[in-house]
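Last residue of the sequence shown? That's 404 in this note's numbering, and every number before it is there in order.
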Amino acid sequence: MISYKKGLLLLILLTLVLSGCSLLQSDHSQDSNIPSQEELNQANGDEEKKGNIVEEEPIDFEPIVSKVTLQAVGDMLISDSIISDAQQSDGTYDFTGMVARIKPYLQTADLAIVNQETIIGGVDLGLSGYPMFNSPVEVADMLVDTGFHVATLANNHTLDRGEEGILNALAYYQTLDILTTGAYVSEEDRNQTPLIEINDIQFAVLNYSYGTNGIPVPENKEYLVNLIDKELIERDVKQAIELADVTIVAMHWGNEYEIMPNEEQIELAQFMSDLGVDIILGTHPHVLQPPDWLTGESGNQTFVAYSLGNFLSSQDRLNRLIGGVVGVDVTKTIHEDRTEIELAAPSFLVTYNYYSNWRNFELFPMDEVTEDRLAGVNEEYEQIQQHLRTFIPDLTIVQSKDF
Numbered sequence: 002m003i004s005y006k007k008g009l010l011l012l013i014l015l016t017l018v019l020s021g022c023s024l025l026q027s028d029h030s031q032d033s034n035i036p037s038q039e040e041l042n043q044a045n046g047d048e049e050k051k052g053n054i055v056e057e058e059p060i061d062f063e064p065i066v067s068k069v070t071l072q073a074v075g076d077m078l079i080s081d082s083i084i085s086d087a088q089q090s091d092g093t094y095d096f097t098g099m100v101a102r103i104k105p106y107l108q109t110a111d112l113a114i115v116n117q118e119t120i121i122g123g124v125d126l127g128l129s130g131y132p133m134f135n136s137p138v139e140v141a142d143m144l145v146d147t148g149f150h151v152a153t154l155a156n157n158h159t160l161d162r163g164e165e166g167i168l169n170a171l172a173y174y175q176t177l178d179i180l181t182t183g184a185y186v187s188e189e190d191r192n193q194t195p196l197i198e199i200n201d202i203q204f205a206v207l208n209y210s211y212g213t214n215g216i217p218v219p220e221n222k223e224y225l226v227n228l229i230d231k232e233l234i235e236r237d238v239k240q241a242i243e244l245a246d247v248t249i250v251a252m253h254w255g256n257e258y259e260i261m262p263n264e265e266q267i268e269l270a271q272f273m274s275d276l277g278v279d280i281i282l283g284t285h286p287h288v289l290q291p292p293d294w295l296t297g298e299s300g301n302q303t304f305v306a307y308s309l310g311n312f313l314s315s316q317d318r319l320n321r322l323i324g325g326v327v328g329v330d331v332t333k334t335i336h337e338d339r340t341e342i343e344l345a346a347p348s349f350l351v352t353y354n355y356y357s358n359w360r361n362f363e364l365f366p367m368d369e370v371t372e373d374r375l376a377g378v379n380e381e382y383e384q385i386q387q388h389l390r391t392f393i394p395d396l397t398i399v400q401s402k403d404f
């Protein structure tokens, strides 16, 4: 039996031993020969760097490419004789047969643009031809049926039926699947950039006219029709470039019946190219003027068709009966660090506007026109091709066999 004193002594000795073990443990944790957790982590990291863990290779960025084939035509100038030829027995109007031979080609375009020179105010305002035009709304139906996506409306005949004609026309266009530009119902409407997206490429289409045949624009309603003004164009173009991939400007300009662009057209075209405009489409001279490439001050390329001539009209001089469809390919490439727009492959389908005794209006690809419809057609066709290639020698001339 252990006495009280011996038990107390054993208890003290046991306590000292345990404390020593604890102290020894504490001392070992400070021993520099034993790696800390931080050192272990560092060692693991070093092993990874030595290649024990293989890092994934970066994935190459594949450029995203989108393409649009754009086509455009000149003046749709609907005269009394064309209206009469289109009238049906029930009092309606059908213009579709007049462009049926060209329709297959226009429907190959991803984006097709037309200058609707005569306002479609409708029968209620009284239909009429030159000099104060007003056309049936069925003209717009024909544009959509043929494959046009955009109609430009700013020209010298926009105000032929005043504000009411414009409002009637715009109200009807809004019922159709077609974008209009150049004439507007309000200031707010005018300040909105006209945009259309095709194949993931956003296009802005602006439109201006040199004047309105002396008809004054209603006071405080300048929005009804866009007139050529450099400050206005610059403001609109800068806004368009912010919103769109490609900026197109349709200009109603130049001198009637002149087959080459005048100094004002050339100066304005360069002004717009310097602003960064991609494509310029010209109308009003009623005859063909050759297209060209311009270089803007930033090194950008601009395609300009100075005048597309008449598309459908009853004008009776030969060079006013010859028009056509200009084309250009637009490619958008999204790279990892930038987006690039390229214009290429300019082309032209030459058309001939045939009619007999102010009836039977019909557009033909010019390579299909026979001698009985136009004497000396082959020589005329060759001359037109040479004229169109004045500035772009490798301009592709499209034949009917191509579509």
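Every residue gets a Cβ at the ideal spot worked out from N, C-alpha and C, and that includes glycine. Bear in mind the structure is a predicted one, so any value in this text is a computation, not a measurement.
Residue i to residue j span [Cα, whole Å]
i: N208; j: I60; result: 44 Å
i: I229; j: A155; result: 10 Å
i: D111; j: P132; result: 34 Å
i: M77; j: E118; result: 6 Å
i: F204; j: I234; result: 16 Å
i: L350; j: N135; result: 29 Å
i: L313; j: A73; result: 13 Å
i: V124; j: N358; result: 25 Å
i: S299; j: L364; result: 41 Å
i: N379; j: N354; result: 16 Å
i: G283; j: V151; result: 15 Å
i: D373; j: Y382; result: 15 Å
i: I267; j: T93; result: 43 Å
i: E343; j: E232; result: 27 Å
i: G163; j: N169; result: 10 Å
i: N200; j: T70; result: 10 Å
i: N116; j: R339; result: 34 Å
i: E369; j: S401; result: 7 Å
i: E220; j: D161; result: 16 Å
i: D403; j: G324; result: 18 Å
i: L244; j: L309; result: 27 Å
i: P291; j: N227; result: 25 Å
i: Y356; j: D86; result: 10 Å
i: K239; j: V206; result: 13 Å
i: T248; j: P105; result: 26 Å
i: Q271; j: A306; result: 13 Å
i: Y258; j: L177; result: 33 Å
i: I385; j: M273; result: 27 Å
i: L375; j: V399; result: 20 Å
Host alpha helix (DSSP H) of residue i (start-end)
i: S274; result: 264-276
i: V226; result: Premise fails: V226 is in no alpha helix (DSSP H) and is neither H nor E.
i: I242; result: 231-244
i: V145; result: 139-147
Reduced DSSP secondary structure (H/G/I, E/B, other) of residue i
i: I393; result: coil
i: H388; result: helix
i: M367; result: helix
i: T248; result: strand
i: Y353; result: strand
i: E383; result: helix
i: V378; result: helix
i: S401; result: helix
i: F362; result: strand
i: V151; result: strand
i: N135; result: strand
i: P219; result: coil
i: E259; result: coil
i: Q31; result: Because Q31 carries a pLDDT of 43, less than 50, the predicted location of this residue cannot be relied on, and no value is offered for it.
i: E372; result: coil
Limits of the beta strand (DSSP E) - the one that residue i falls within
i: A209; result: Per the sequence shown, residue 209 should be read as Tyr rather than Ala. 202-210 is the extent of the beta strand (DSSP E) around Y209.
Residue i Cβ short of 6 Å to the ligand ATP heavy atom set
i: Q316; result: As far as ligands go, the structure on display features none, and thus does not contain the ligand ATP.
Uninterrupted beta strand (DSSP E) stretches inside the segment 153-196 (no shorter than 3 residues): 180-182
Three or more C-beta pairs below 8 Å linking the segment 251-259 and the segment 190-199: no
Whole beta strand (DSSP E) elements within the segment 284-313, 3-residue minimum: 289-296, 302-309, 311-313
3 or more residues per run - each beta strand (DSSP E) lying fully within the segment 54-130: 65-77, 112-117
3 or more residues per run - each beta strand (DSSP E) lying fully within the segment 311-345: 311-313, 323-335
Contact between the segment 136-152 and the segment 86-102 (3+ Cβ pairs under 8 Å): yes
The segment 155-165 touching the segment 211-221, judged by at least three CB pairs closer than 8 Å: yes
The segment 63-71 / the segment 316-336 touching (three or more Cβ pairs under 8 Å): yes
Three or more C-beta pairs below 8 Å linking the segment 321-330 and the segment 263-278: no
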